[in-house]
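Numbering (my numbering), first residue to last: 7 to 422. A virtual CB, placed ideally from N, CA and C, is assigned to each residue, including glycine.
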Amino acid sequence: MFSLKNLSARLNALAQCITGKPRSRSPISDRALIIRDSNIRDAARLVSQLPGITNLGQGLPEYPAPQILKDAAVAAINADWNQYSNTWGYPQLREAIAGKMKHYNGVDADPETEITVTVGASEALNASLLATVNPGDEVIIFEPFYENYHPNVAICGGTPRYVKLHSPTWTFDRKELAAAFNKRTRVILINTPHNPTGRVFTMEELSFIADLCKKWDVLAITDEIYEYMVYDGRKHISMATLPGMRDRTITISGLSKTFSITGWRLGYAVAPEKYTRALRKVHDYLTLAAPSPMQIAGITALNMPDEFYAEMVAKYQQMRDQICQVAQEAGFEFAQKPEGTYYLFTDPSKLGFENDRKLWEHLLYDHKLATVAGYCFFRPDAKTNHIRFCYAKSEKTINAAKEKLIAFRDGQIEGQ
Ligand code: PMP
Ligand code: GLN
7 MFSLKNLSAR LNALAQCITG KPRSRSPISD RALIIRDSNI RDAARLVSQL
57 PGITNLGQGL PEYPAPQILK DAAVAAINAD WNQYSNTWGY PQLREAIAGK
107 MKHYNGVDAD PETEITVTVG ASEALNASLL ATVNPGDEVI IFEPFYENYH
157 PNVAICGGTP RYVKLHSPTW TFDRKELAAA FNKRTRVILI NTPHNPTGRV
207 FTMEELSFIA DLCKKWDVLA ITDEIYEYMV YDGRKHISMA TLPGMRDRTI
257 TISGLSKTFS ITGWRLGYAV APEKYTRALR KVHDYLTLAA PSPMQIAGIT
307 ALNMPDEFYA EMVAKYQQMR DQICQVAQEA GFEFAQKPEG TYYLFTDPSK
357 LGFENDRKLW EHLLYDHKLA TVAGYCFFRP DAKTNHIRFC YAKSEKTINA
407 AKEKLIAFRD GQIEGQ
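This is the structure in structure tokens:
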């Protein structure tokens, strides 16, 4: 199979044959070379440099963190929670995570041996993969995927095995998924609710995946960071609650999205003891520990009453409906409203742009509207035409986006 790693090894061998000397070594590792720049982060950097931008790009809530959390963080700093914590996370925070896992996810987890606090869900994903995947192992990834998954798998030397979520409904084909499992499959990465499509996997879909995991002795790593953002009365289902899956699932989540604190860098992994022991070793050497005062304030976050979540869901659902309406009017198509997350993933192919990068640039530079171009959610050489809108935004931003999308649509009509 073609890979940069193979190519580099072959070029080296060829250079050695011709010159008798090894080819001069790249100062950059093969691992780093296969990581591409992120369009999400491109957008984030440009937004901070260009004046007057309306930002529906990088997925971060525009809302301030709840005052009670800000007060808790300040109080934690003033109370001198400022040195390294227990590297697995303060025990009192792990207790709070165990309470939330039981109450919301229906998963019993021992905070002493099964819960690890990490620097965001991002680190939990890396640590989990590094702890379980050997070079050459295959990792099944649904495509489109959250852009980090490709580099996450590359970093541990795994081989991504993509299974399509088919547009426009973003569901997988059972035969295609079954065919992706084999003796080399070590992990399947699941993300529900799903970034970028907004899909929430159903019990039937998860059961089908679970049966394959059991059949092939495969570990499920499930990224549930948007677990509270599910709409129209849907319920989030954690893979670890399915029969036979508790012992073969690492559940990953975090506080970034739910509490509008993406900068606090608090995430966690909930895993059976044997996996926890391994991922804690990786975590200790990757980052040592998550920020101490934020961990203490995180306990207040996890003890928020149920009404907090209900209000958040109602607010996001309303924003979702508004962005869906205006995106549709401007010619960005989608088959169904997002079932969860705070993203709308659209098909703009009828708008006549060569690809999503070109449309993304047009929206950004000519209309001052930041979005994310779909290509970063697909394998590097895929041909794509999708635009993602993030709607975790204020009424004012959504209204500004509406005006810009209407101006875009009018410009398109005039240009015809
Ligand atoms: N998983 C998904 C699907 C995401 O969209 C994100 C983006 N925040 C993350 C993980 C990383 O979250 P964190 O801020 O906790 O690192
Ligand atoms: N998860 C967020 C997004 O999808 C932001 C994280 C990132 O910068 N990749 O936009």
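query: Cut-off 7 angstroms between Cβ atoms - residues of its own chain near L285, not counting five sequence neighbours on either side; result: T122, A133, S134, A137, A275, A277
query: Straight-line Cα distance separating L225 from R254; result: 5 angstroms
query: I302: CB within 7 angstroms of a non-hydrogen atom of the ligand GLN; result: no
query: Straight-line Cα distance separating T119 from E68; result: 36 angstroms
query: E129 Cβ short of 7 angstroms to the ligand GLN heavy atom set; result: no
query: For S244, three-class secondary structure by DSSP; result: coil
query: Sequence-distant residues of the same chain with beta carbon closer than 8 angstroms to F148, five excluded per side; result: Y168, V169, K170, L171, F178, L195, I196, N197, H200
query: C330 versus F384 - alpha carbon distance; result: 23 angstroms
query: Under the three-state DSSP convention, the category S134 falls into; result: helix
query: Run of the beta strand (DSSP E) containing A275, from where it starts to where it stops; result: 272–276
query: N405 versus Q328 - alpha carbon distance; result: 9 angstroms
query: Which of helix, strand or coil DSSP assigns to I194; result: strand
query: Proximity to T347 [Cα-Cα], best of K356, Q323, S355, A333; result: Q323
query: Option nearest L272 by Cα separation, candidates A50, R100, A85; result: R100
query: Contacts around K399, its chain only, beta-carbon distance under 7 angstroms, and the 5 residues preceding and following it disregarded; result: L62, E68, M325
query: Complete runs of the alpha helix (DSSP H) confined to the region 271–316 [at least 4 residues]; result: 279–292, 298–308
query: Beta-carbon separation (whole angstroms), Q64 vs I46, contact threshold 8 angstroms; result: 5 angstroms
query: 6 angstroms CB neighbourhood of G142 in its chain, flanking five on each side removed; result: none
query: Own chain residues within Cβ distance below 6 angstroms of W270, not counting five before or after; result: M300
query: CB contact flag (G337, L357, <8 angstroms); result: yes
query: Cut-off 6 angstroms between Cβ atoms - residues of its own chain near E420, not counting five sequence neighbours on either side; result: none
query: The region 74–92 touching the region 302–318, judged by at least three CB pairs closer than 8 angstroms; result: yes
query: C-beta atoms of A79 and A303 nearer than 8 angstroms; result: yes
query: Distance between I227 and A185 (C-alpha atoms, nearest Å); result: 19 angstroms
query: Nearest-angstrom Cα separation, counted from I161 out to F395; result: 28 angstroms
query: Span of the alpha helix (DSSP H), counted from its first residue to its last, around Y438; result: The requested residue 438 is not part of the displayed model; the chain covers only 7 to 422.
query: Nearest-angstrom Cα separation, counted from G163 out to S9; result: Residue placement at S9 is flagged as unreliable, the pLDDT there being 49, under the threshold of 50; a coordinate-derived value is accordingly withheld.
query: contact_flag[the region 362–380, the region 261–268] where n(CB pairs < 8 angstroms) is 3 or more; result: no
query: Residues sharing a beta bridge with P70, DSSP; result: The partner list for P70 (beta bridge, DSSP) is empty, contrary to what the question assumes.
query: Check: I231 C-beta below 7 angstroms from any heavy atom of the ligand PMP; result: yes
query: Cβ-Cβ distance between Y90 and L294 below 8 angstroms; result: yes
query: Element boundaries [alpha helix (DSSP H), containing F214]; result: 209–222
query: For R394, the first and last residue of its enclosing beta strand (DSSP E); result: 393–396
query: Under 8 angstroms between C-beta atoms of R180 and E345; result: no
query: Assigned secondary structure, I59 (DSSP; H/G/I helix, E/B strand, else coil); result: coil
query: Whole-angstrom distance between A85 and P386, CA atom to CA atom; result: 48 angstroms
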